[in-house]
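Student:
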Amino acid sequence: MSLARRLMLPLVLLAIGVALVLDYAYRPEPLGIDFHTYEAAARVGLEQGWSHIYDQARVAVVQKVLDPGEVAQPYLSPPTVAWLAAAFNPLPYQASFYIWAALTLVAFAGAVAWSAISRGPARWILVAATVVPWWVFEAVHVGQVVPLVAAGVAVAWRLLRERRNVAAGLALSLLVLKPNTAFLVPFALMAAGRFKTFATVTLVGAIIGVIAFVSLGGDGVSAYVSQLTGPLPSGADSLTLERALGVRGLVAIALRAVIIVTVLAAAYRLRHSPGLVLVVGILGSLLAVPYLHASDFCLLTVAALIVWEECPAPVWRVPLAAGWLLATPYAVLSGLQPNLDQWPLLELVFLAGMVAVAWQVGRVRPRDKVVSAS
Numbered sequence: 001m002s003l004a005r006r007l008m009l010p011l012v013l014l015a016i017g018v019a020l021v022l023d024y025a026y027r028p029e030p031l032g033i034d035f036h037t038y039e040a041a042a043r044v045g046l047e048q049g050w051s052h053i054y055d056q057a058r059v060a061v062v063q064k065v066l067d068p069g070e071v072a073q074p075y076l077s078p079p080t081v082a083w084l085a086a087a088f089n090p091l092p093y094q095a096s097f098y099i100w101a102a103l104t105l106v107a108f109a110g111a112v113a114w115s116a117i118s119r120g121p122a123r124w125i126l127v128a129a130t131v132v133p134w135w136v137f138e139a140v141h142v143g144q145v146v147p148l149v150a151a152g153v154a155v156a157w158r159l160l161r162e163r164r165n166v167a168a169g170l171a172l173s174l175l176v177l178k179p180n181t182a183f184l185v186p187f188a189l190m191a192a193g194r195f196k197t198f199a200t201v202t203l204v205g206a207i208i209g210v211i212a213f214v215s216l217g218g219d220g221v222s223a224y225v226s227q228l229t230g231p232l233p234s235g236a237d238s239l240t241l242e243r244a245l246g247v248r249g250l251v252a253i254a255l256r257a258v259i260i261v262t263v264l265a266a267a268y269r270l271r272h273s274p275g276l277v278l279v280v281g282i283l284g285s286l287l288a289v290p291y292l293h294a295s296d297f298c299l300l301t302v303a304a305l306i307v308w309e310e311c312p313a314p315v316w317r318v319p320l321a322a323g324w325l326l327a328t329p330y331a332v333l334s335g336l337q338p339n340l341d342q343w344p345l346l347e348l349v350f351l352a353g354m355v356a357v358a359w360q361v362g363r364v365r366p367r368d369k370v371v372s373a374s
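My numbering puts the first residue of the sequence shown at 1, with every later residue one more than the last.
So this is what it looks like as structure tokens:
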């Protein structure tokens, strides 16, 4: 082995380690702000009834009780997140946050390690690299639930490669925690002929939907729907394509429709490579939704990981490596980090590349290509 190759691994690990330290140090958001809201809603549900978790006045009161110094914000997540947070209710608030943060990070990193195709040191470099992008550390820092959704998609990737379609559907059922982040993924898999996976996700979602309706009651459901359809919080569209392109109204709706149709058509063409089907589903979801949290880009990390593993040609790996650098603290410190409203444009380029692969699928041989199985 040459000296350059012997030095490569420690140098890469050093660069990743420094990036992780910088990620940890550069966190302007309040610590645990999102988990604070989840836990407040959970306590409202446990103590006052689940039909009241979207009564924002009650949630705000409990938020002040949990941590008077923390910023209060409305609870707009699905009831499933409050149910999950309720498991931490017996613990002191600070302890529950740190345990939650640790579990979400371990779940995300563990899912990447288990699902990756690479073996040996390359696998662990990938695991370390996937937690470096600023949005992953932000998700852990604020106590977001989205790393669990990303972990579910990563696990489903391996299960789909192994043709364990029902199990993949169960893993993807973590979408009930935050559906907007990857809502097109089940439909992309359906277009690709993974009917058992789609049916499993749909069945689990329907069961949870019934349970949610019963627990919330008519008033709770009405409150949730009215808040979802009301004005979005300030800055909620900063990471959306319509903000990046400056479009609104019918133009934005038409743009979403084009993205959805394109994703489904590409998924059908990529049906022999379920990993790439997941990628187009993720990208389409992130581009089509009208609201995103910065932490939701954890799904973008999973999409990049899949392409890195399944399409090892330099034509893919060089742009992915460049994109990774733009998402690290190095880009922040050098002033090269894209603005929030520029990231959707990079996603659009990423999706366009996947569509090009889909239309040239006869000449492209992604690694571990499998035969579609319903």
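Beta carbons: idealized from backbone N, C-alpha and C, even for Gly.
Roughly how many angstroms lie between the CA atoms of Arg119 and Asn165, to the nearest whole one?
Tutor: Position 119 of the sequence shown, counted from the start, is the residue given in the question as residue 119. Position 165 of the sequence shown, counted from the start, is the residue given in the question as residue 165. Arg119 and Asn165: Cα-Cα distance of roughly 24 Å.
Student: The alpha helix (DSSP H) with Asn165 in it runs from where to where?
Tutor: Position 165 of the sequence shown, counted from the first residue, corresponds to residue 165. Run containing Asn165: Asn165 to Leu172, per the alpha helix (DSSP H) assignment.
Student: Under a three-way DSSP split, which group does Ile53 fall into?
Tutor: On the sequence shown, residue 53 is found 53 positions in, with the first residue counted as 1. Here Ile53 sits in coil by DSSP.
Student: Give me the Cα-Cα distance between Glu347 and Gln48, rounded to the nearest whole angstrom.
Tutor: For the purposes of this step, residue 347 is taken as the residue at position 347 of the sequence shown. For the purposes of this step, residue 48 is taken as the residue at position 48 of the sequence shown. Spanning the two alpha carbons is a distance of roughly 43 Å.
Student: If you measure between the beta carbons of Val155 and Ser215, is that distance less than 8 Å?
Tutor: Along the sequence shown, read from residue 1 onward, the residue named residue 155 stands at position 155. Along the sequence shown, read from residue 1 onward, the residue named residue 215 stands at position 215. No, the pair does not count as a contact, with Cβ atoms beyond the cut-off.
Student: Under a three-way DSSP split, which group does Cys311 fall into?
Tutor: For this step, residue 311 is matched to residue 311 along the sequence shown. The answer is coil: DSSP assigns Cys311 none of H, G, I, E or B.
Student: Quick check: what's the CA-CA separation for Gln342 versus Leu336?
Tutor: Within the sequence shown, residue 342 is the residue found at index 342, counting from 1. Within the sequence shown, residue 336 is the residue found at index 336, counting from 1. Their backbone Cα atoms lie some 12 Å apart in a straight line.
Student: Unbroken alpha helix (DSSP H) runs of length 4 or more, entirely within the segment 119-190: which are they?
Tutor: You should have 121-130, 134-142, 146-161 and 165-172.
Student: From Ala244, Ser285, Ser273 and Leu172, pick the residue whose C-alpha is nearest to that of Val357; which is it?
Tutor: As a first step, residue 357 must be located in the sequence shown, where it is residue number 357. Cα-wise, what sits closest to Val357 is Ser273.
Student: Applying the 10 Å Cβ sphere with the 16-neighbour rule, what's the burial state of Trp359?
Tutor: The residue labelled residue 359 in the question sits at position 359 within the sequence shown. Exposed, because fewer than 16 other Cβ atoms sit within 10 Å of the Cβ of Trp359.
Student: Near Lys64, which residues of its chain fall below 7 Å by C-beta distance, leaving aside the five closest residues on each side in sequence?
Tutor: Here residue 64 refers to the residue found at position 64 of the sequence shown. Same-chain partners within the cutoff: Ala72.
Student: What would DSSP say about Glu70, mapped onto helix, strand or coil?
Tutor: Here residue 70 corresponds to residue number 70 of the sequence shown, with the count starting at 1. Coil at Glu70, not helix or strand.
Student: Pop quiz: Ala244 and Pro344 are said to be a contact at Cβ under 8 Å. What is the actual Cβ separation, rounded to whole angstroms?
Tutor: Here residue 244 is taken as the residue at index 244 of the sequence shown, counted from 1. Here residue 344 is taken as the residue at index 344 of the sequence shown, counted from 1. Between Pro344 and Ala244 the Cβ distance is about 4 Å, and since that is below 8 Å, they are a contact.
Student: Expressed to the nearest angstrom, what Euclidean distance is found between the alpha-carbon atoms of Ser334 and Ala327?
Tutor: Sequence index remark: in the sequence shown, residue 334 carries index 334 (1-based). Sequence index remark: in the sequence shown, residue 327 carries index 327 (1-based). The alpha-carbon atoms of Ser334 and Ala327 are separated by roughly 12 Å.
Student: Quick one, are the C-beta atoms of Lys196 and Ser77 less than 8 Å apart?
Tutor: Start at 1 with the first residue of the sequence shown, and residue 196 comes out as number 196. Start at 1 with the first residue of the sequence shown, and residue 77 comes out as number 77. Their beta carbons are not under 8 Å apart, which means Lys196 does not touch Ser77 by this criterion.
Student: Roughly how many whole angstroms lie between the Cα atoms of Trp124 and Leu340?
Tutor: As a working mapping, residue 124 is identified with position 124 in the sequence shown. As a working mapping, residue 340 is identified with position 340 in the sequence shown. Taking the straight line from one Cα to the other gives about 29 Å.
Student: Select from Arg163, Trp157, Ala188 and Val210 the residue whose C-alpha is nearest the C-alpha of Val176.
Tutor: Within the sequence shown, numbered from 1, the residue matching residue 176 stands at position 176. Comparing Cα positions, the closest option is Val210.
Student: Would you tell me roughly how many angstroms separate the C-alpha atoms of Gly281 and Leu232, rounded to the nearest one?
Tutor: By 1-based counting over the sequence shown, the position of residue 281 is 281. By 1-based counting over the sequence shown, the position of residue 232 is 232. Each residue's alpha carbon lies about 24 Å from the other.
Student: Helix, strand or coil for Ile117 per DSSP?
Tutor: As a working mapping, residue 117 is identified with position 117 in the sequence shown. DSSP places Ile117 in coil when its eight states are reduced to three.
Student: Tell me whether the beta-carbon of Leu305 lies closer than 8 Å to the beta-carbon of Leu286.
Tutor: Counted from its first residue, the sequence shown places residue 305 at position 305. Counted from its first residue, the sequence shown places residue 286 at position 286. In this structure, Leu286 does not lie closer than 8 Å to Leu305 by Cβ.
Student: Measure the alpha-carbon distance for Cys260 versus Ala322 and round it to whole angstroms.
Tutor: On the sequence shown, position 260 is the one that residue 260 refers to. On the sequence shown, position 322 is the one that residue 322 refers to. A quick correction: the sequence has Ile, not Cys, at residue 260. In a straight line, the C-alpha of Ile260 is about 27 Å away from that of Ala322.
Student: Can you tell me whether DSSP reads Gly193 as helix, strand or coil?
Tutor: Numbered from 1 along the sequence shown, position 193 holds the residue referred to as residue 193. It is coil, neither helix nor strand.
Student: Excluding five sequence neighbours on each side, which residues of the same chain lie with their C-beta closer than 8 Å to the C-beta of Ile16?
Tutor: One-based indexing of the sequence shown puts residue 16 at position 16. Within the same chain, Ile16 has close Cβ partners Ile125, Ala128, Ala129 and Val132.
Student: Would you decide whether Ser295 is buried or exposed? Buried here means 16 or more other CB atoms lie within 10 Å of its CB.
Tutor: Position 295 of the sequence shown, counted from the first residue, corresponds to residue 295. Per the 10 Å Cβ criterion, buried.
Student: Do Ala188 and Ala252 have their CB atoms nearer than 8 Å?
Tutor: As a working note, residue 188 is residue 188 in the sequence shown. As a working note, residue 252 is residue 252 in the sequence shown. Their beta carbons are not under 8 Å apart, which means Ala188 does not touch Ala252 by this criterion.
Student: Of all the options Thr262, Ile208 and Thr104, which has the alpha carbon lying nearest to the alpha carbon of Phe137?
Tutor: Walking along the sequence shown from the start, residue 137 turns up at place 137. Measuring from the Cα of Phe137, the nearest candidate turns out to be Thr104.
Student: Assuming Val277 contacts Leu270 under a Cβ cut-off of 8 Å, what Cβ separation, rounded to an integer in Å, is found between them?
Tutor: By one-based count along the sequence shown, residue 277 stands at place 277. By one-based count along the sequence shown, residue 270 stands at place 270. Right, the Cβ-Cβ distance comes to about 5 Å (below 8 Å), so this counts as a contact.
Student: Which residue wins for smallest C-alpha separation from Val201, given the options Arg161, Ala212, Ala171 and Leu160?
Tutor: By one-based count along the sequence shown, residue 201 stands at place 201. Among Arg161, Ala212, Ala171 and Leu160, the Cα nearest to that of Val201 is on Ala171.
Student: What would DSSP say about Ser334, mapped onto helix, strand or coil?
Tutor: Within the sequence shown, numbered from 1, the residue matching residue 334 stands at position 334. Helix at Ser334.
Student: Is the distance from the Cβ of Ala101 to the Cβ of Val140 below 8 Å?
Tutor: As a position in the sequence shown, residue 101 is number 101, starting the count at 1. As a position in the sequence shown, residue 140 is number 140, starting the count at 1. In contact: Ala101 and Val140 (Cβ atoms closer than 8 Å).
Student: Taking DSSP as the reference, what is the three-state secondary structure of Asp237?
Tutor: Reading the sequence shown from its first residue, position 237 is the one you call residue 237. The answer is coil: DSSP assigns Asp237 none of H, G, I, E or B.
Student: What does the alpha-carbon distance come out to for the pair Gly284 and Pro290?
Tutor: The count along the sequence shown starts at 1 and reaches residue 284 at position 284. The count along the sequence shown starts at 1 and reaches residue 290 at position 290. When rounded, the distance between both Cα atoms is 12 Å.
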